[in-house]
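Residue numbers are given in numbering that gives the first Met the number 0: position 19 of the sequence shown equals residue 18, and the series is strictly consecutive. Below is one structure, written out as structure tokens; comments come after it.
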Amino acid sequence: MNTNFAVIGGDLRIIKLAKMLATDGNNIYTYGLEKVEELKSKRNITMCKSIEDAMEKSKVIIGPIPFSSDGININSPFSGRNILISEILNNIEAKTLIAGSIKTEIYDLRAHEDMKIIDVMKREELAILNTISTVEGTIQIAISNTDRIIQGSKILILGFGRIGKILAHKFSGISADVTCAARKSEDLAWIKAYGYKEININKIGENLSKYDIIINTVPYKILTEEKIKYIKDECLLVDLASKPGGVDENAINKRKIKFIWALALPGKVAPTTTAEFIKDTIYDILEKE
């Protein structure tokens, strides 16, 4: 496969992805990555001065994961400028935009009907593989931010989706005392079948006081001020949910409990491995297209 790609914005995962695509013989035109020195001398990579130049020469546009945090600009931490979503969507005609965690309303902003938008994070295979990096990063956070070993620590995982399942598996593998909270009776049954302790997420309250580490994976407010008052002072609280998160931050700040909102962990703890997963997914998408 030899394709012209425009790579616009993005974090360390996207930088590693650009290098991998170039190594495979593809031509890469970047914009919004001007602070990345390692791309400037890389063969098959051209750093463009305008978004129009980058996209004009490209068949496929690769954007950030997540695509945007504010719904106005794309995520471009390695750029000194703001890049409006409209700058991309108004310049793509008969091309394909591939990015991640794209909000529904962005699809309606397309200026050209023949433009395709593909959200890689809706691909089940990538979502599952991406979870591995998230889980390993969470374990790293737990080890670095507590003054006790993980073995024997009482850990509560809120939610039993992709991340919750693998978190429970990995933590139990290092002998943590794992409890999983879910709402559906089916999930509670699976928790029990796997050998973890189970609790209905609607019944958490005073029982929160017994946990050393609490990890939330549910993307809506689970830990309200009413529930946070039961968490013990020395507990580590980690929120893996995307914005607006699942924890009442004001209540946490009042209690001064150690709290870490760990967003976009794959891009921070394992950008190379995650980039490999993304690259394989993109190739699969293009082959099927």
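A virtual CB, placed ideally from N, CA and C, is assigned to each residue, including glycine.
Extent of the continuous beta strand (DSSP E) to which residue i belongs
i, result
"Thr29", "Asn26 to Tyr30"
"Ala188", "Here Ala188 belongs to no beta strand (DSSP E); instead the alpha helix (DSSP H) covers Ser184 to Tyr193."
"Leu96", "Thr95 to Ala98"
"Val134", "Here Val134 belongs to no beta strand (DSSP E); instead the alpha helix (DSSP H) covers Glu123 to Ser143."
Same chain, Cβ closer than 8 Å to residue i, neighbours up to 5 away in sequence not counted
i, result
"Gly31", "Ile7, Gly8, Gly9, Ile50, Ile73, Ser75, Phe77, Ser78, Arg80 and Ile82"
"Lys242", "Ser68 and Leu262"
"Val268", "Ser132, Glu135, Gly136 and Gln139"
"Pro270", "Asp10, Leu11, Arg12, Ile14 and Lys15"
"Arg161", "Ala126, Ile127 and Thr130"
"Gly151", "Ser174, Ala175 and Asp176"
"Arg147", "Asp211"
As assigned by DSSP and simplified to three states, the class of residue i
i, result
"Met114", "coil"
"Lys58", "coil"
"Phe159", "coil"
"Asp238", "strand"
"Val268", "helix"
"Asn206", "helix"
"Ile281", "helix"
"Ala175", "coil"
"Ala181", "strand"
"Ser85", "helix"
"Ile13", "helix"
"Lys153", "strand"
"Ile165", "helix"
"Ile50", "helix"
Same chain only: Cβ atoms within 7 Å of residue i, ignoring 5 sequence neighbours per side
i, result
"Gly163", "Ile156, Cys179 and Thr216"
"Glu205", "Tyr229"
"Trp260", "Asp238 and Gly244"
"Tyr219", "Gly245"
"Asn1", "Gly24 and Asn25"
"Leu222", "Asn215, Gly245, Val246 and Asp247"
Rounded distance between the beta-carbons of residue j and residue i, thought under 8 Å
i, j, result
"Ile71", "Leu38", "At roughly 26 Å, the Cβ-Cβ gap does not stay under 8 Å, so Ile71 and Leu38 are not in contact."
"Asn43", "Gly62", "Going by Cβ atoms, the distance from Asn43 to Gly62 rounds to 20 Å, so no, they are not a contact pair."
"Thr145", "Ile212", "7 Å"
"Arg122", "Thr280", "5 Å"
"Ser291", "Leu108", "In this structure the chain extends from 0 to 288, so residue 291 is not present and cannot be described."
"Met46", "Glu33", "6 Å"
"Leu235", "Lys257", "5 Å"
"Ala181", "Ile200", "6 Å"
"Lys226", "Ile203", "6 Å"
Extent of the continuous alpha helix (DSSP H) to which residue i belongs
i, result
"Ile227", "Glu224 to Ile227"
"Met46", "Premise fails: Met46 lies in the beta strand (DSSP E), Ile44 to Met46, not in any alpha helix (DSSP H)."
"Ile259", "Unbroken run through Ile259 is the beta strand (DSSP E), Lys257 to Trp260; no alpha helix (DSSP H)."
"Glu197", "Unbroken run through Glu197 is the beta strand (DSSP E), Lys196 to Asn199; no alpha helix (DSSP H)."
"Val6", "No alpha helix (DSSP H) holds Val6; the beta strand (DSSP E) holding it covers Asn3 to Ile7."
"Asn252", "Glu248 to Arg254"
"Ile212", "It is not in any alpha helix (DSSP H) - Ile212 instead sits in the beta strand (DSSP E) that spans Ile212 to Asn215."
"Tyr106", "Thr103 to Tyr106"
"Trp36", "It is Glu, not Trp, that sits at residue 36 in the sequence shown. Run containing Glu36: Glu36 to Lys39, per the alpha helix (DSSP H) assignment."
Contacts around residue i, its chain only, beta-carbon distance under 6 Å, and the 5 residues preceding and following it disregarded
i, result
"Asn26", "Asn3 and Asn43"
"Val35", "Ile14 and Phe77"
"Val177", "Ile154, Ala167, Phe170, Ser171 and Tyr195"
"Ile101", "Phe66 and Asp118"
"Gly158", "Thr216 and Val217"
"Ala5", "Tyr28, Ala53, Met54, Ser57 and Ile60"
"Ala21", "Ile27, Lys41, Asn43 and Ile44"
Inter-stretch contact (C-beta, 8 Å, three-pair minimum) for the stretch 162 to 174 and the stretch 245 to 262 = Contact fails between the stretch 162 to 174 and the stretch 245 to 262, because fewer than three Cβ pairs, one in each stretch, are under 8 Å apart.
key: Given 8 Å, three or more beta-carbon pairs between the stretch 51 to 67 and the stretch 84 to 98   = Judged by pairs of C-beta atoms under 8 Å, the stretch 51 to 67 touches the stretch 84 to 98, as three or more such pairs exist.
query = Can at least three beta-carbon pairs, one atom from the stretch 126 to 134 and one from the stretch 268 to 280, be found at a separation below 8 Å?
reply = Between the stretch 126 to 134 and the stretch 268 to 280 there are three or more C-beta pairs closer than 8 Å, enough to call the two in contact.
request  = Would you check if the stretch 132 to 145 and the stretch 255 to 271 touch, i.e. whether three or more CB-CB distances between them fall below 8 Å?
outcome  = The stretch 255 to 271, when compared against the stretch 132 to 145, does touch it at the 8 Å Cβ threshold.
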